[in-house]
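Single-structure report; data block below.
Residue numbers (UniProt numbering): 1 to 346.
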């Protein structure tokens with residue numbers, strides 16, 4: 001066997017070093033941190049003998065950390081761990097999970113006062129009136145001497161209205177509504193209450209009249225007039241809101257009939273009228289002759305050269321191009337409120 005492959009047994013120490021060697025001989029090769037040649041000549045270090053390890057392990061078990069050293073989080077919650085090459089957003093120094101305000105460290109921008117901001121460069125959508133509303137106004141054509149109040153569903157639309165008083169148009173929601181009339185002087189006494197339908201995008205006039213059987217009555221007059229008028233033309237009509245049993249014709253000065261046989265609460269159709277100033281005359285209805293109505297009202301229209309007899313009432317009316325105009329026949333021949341024609345633009 002080659003020399004390099006042989007094991008060499010260490011020699012016994014001499015008697016001169018017996019005292020020192022005897023102590024050394026009592027130590028095992030493992031205590032010197034190496035294996036003996038009999039263990040294969042491997043020189044792997046061996047952990048030193050720690051007779052206090054058992055005691056230390058028992059102490060660690062009693063303390064509950066088993067020898068582990070855990071870092072303690074700073075006050076205010078868990079610290080944010082952010083890579084060095086990533087900036088820390090403002091206000092992120094405390095992303096605590098125990099947030100009492102529910103934002104968890106997030107900073108949310110607050111919209112400015114006045115509503116949601118509009119992004120620059122985006123088109124702004126214009127605001128249009130709601131399509132669920134119509135318009136209503138009131139006219140007091142009753143010849144009672146006391147003023148009245150008008151309300152719809154308990155909301156006042158006019159107060160202290162005397163004979164011939166009227167309001168401007170106001171919004172009314174689409175649907176059925178209760179119209180009430182109360183006295184403006186007698187502690188709000190209820191005089192009339194009726195339910196009417198109202199349509200979106202439609203105009204109406206609520207007219208209070210003297211009822212056929214006495215008392216009061218309300219009529220609803222639609223004010224949706226002519227559309228697509230020729231240039232230079234308006235529209236005109238007449239409503240009989242005077243008294244029960246009445247019937248009238250409306251004529252021009254030369255006797256031409258514009259509307260005929262308008263009975264109580266009747267509403268004539270709109271007729272086209274050339275823009276200009278007119279004088280219309282009210283006469284009793286003629287039931288015994290065939291009278292032709294003018295299809296279109298023209299200032300220059302002349303078909304009868306015989307002026308009519310004394311009229312019951314008259315009205316000067318200015319008709320504007322593109323507008324709708326209504327004359328209301330109100331009053332009577334026996335009260336303090338004489339028969340007359342009240343003209344309103346629709």
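We put the CB at the ideal spot given by N, CA and C, even for glycine. Only a predicted model underlies this, so the values are computations on that prediction, with no experimental measurement involved.
So, is residue 249 buried or exposed, given that buried needs 16 or more other C-beta atoms within 10 angstroms? Residue 249 comes out buried.
With 16 as the cutoff for other CB atoms within 10 Å, does residue 212 come out buried or exposed? By the neighbour-count rule (16 or more Cβ atoms within 10 Å), residue 212 is not buried but exposed.
Which residues mark the beginning and the end of the beta strand (DSSP E) in which residue 345 is found? Looking at the DSSP string, the run of the beta strand (DSSP E) that includes residue 345 is 340–345.
Which whole-angstrom value is the C-beta distance of residue 236 and residue 319, which I expect to be below 8 Å? So it is a contact: roughly 6 Å between Cβ atoms.
What does DSSP give as the partner residues of residue 197 in its beta bridges? Beta-bridge partners assigned by DSSP to residue 197: 176.
Use the C-beta contact count for residue 214: other C-beta atoms within 10 angstroms, 16 or more gives buried, fewer gives exposed. Under this definition residue 214 is an exposed residue.
Helix or strand or just coil, what does DSSP make of residue 183? It is a strand residue.
Reduced DSSP secondary structure (H/G/I, E/B, other) of residue 135: In the structure shown, residue 135 sits in a strand (DSSP, three-state: E or B).
For residue 212, which of helix, strand or coil comes out of DSSP? Three-state result, residue 212: coil.
Inter-residue Cα distance where the pair is residue 132 and residue 161: Looking at the backbone, the Cα of residue 132 and that of residue 161 are separated by about 28 Å.
Residue ranges of each alpha helix (DSSP H) within the region 264–290, 4 or longer: Counting only unbroken stretches of 4 or more residues, no alpha helix (DSSP H) element lies wholly within the region 264–290.
Along the beta strand (DSSP E) that carries residue 235, what are the first and last residues, could you check? Note, residue 235: beta strand (DSSP E), 233–240.
In the DSSP assignment, find the unbroken beta strand (DSSP E) run with residue 224 in it and report its ends. For residue 224, there is no enclosing beta strand (DSSP E), as DSSP gives it neither H nor E.
Where the beta strand (DSSP E) through residue 158 begins and ends: Membership of residue 158 in the beta strand (DSSP E) is indicated by the continuous run 155–161.
Report the rounded CA-to-CA distance for residue 316 versus residue 253, giving the unit in angstroms. Distance between the alpha carbons of residue 316 and residue 253: 11 Å.
6 Å CB neighbourhood of residue 276 in its chain, flanking five on each side removed: The beta carbon of residue 276 is closer than 6 Å to those of 299 in its chain, skipping five residues each way along the sequence.
Tell me, please, whether the region 236–246 touches the region 259–266 by the rule of three or more beta-carbon pairs shorter than 8 Å. Counting Cβ pairs under 8 Å, three or more are found: they touch.
So, for residue 322: in the same chain, excluding its five sequence neighbours on each side, which residues have a beta-carbon less than 7 Å away from its beta-carbon? Taking residue 322 as the centre and dropping the five residues before and after it, the same chain places the C-beta of 229 and 234 closer than 7 Å to its C-beta, in chain order.
For residue 232, count neighbouring C-beta atoms within 10 Å of its own C-beta (all shown protein chains included) and say buried if the count is 16 or more, exposed if not. Within 10 angstroms of the beta-carbon of residue 232 lie fewer than 16 other beta-carbons, which makes it exposed.
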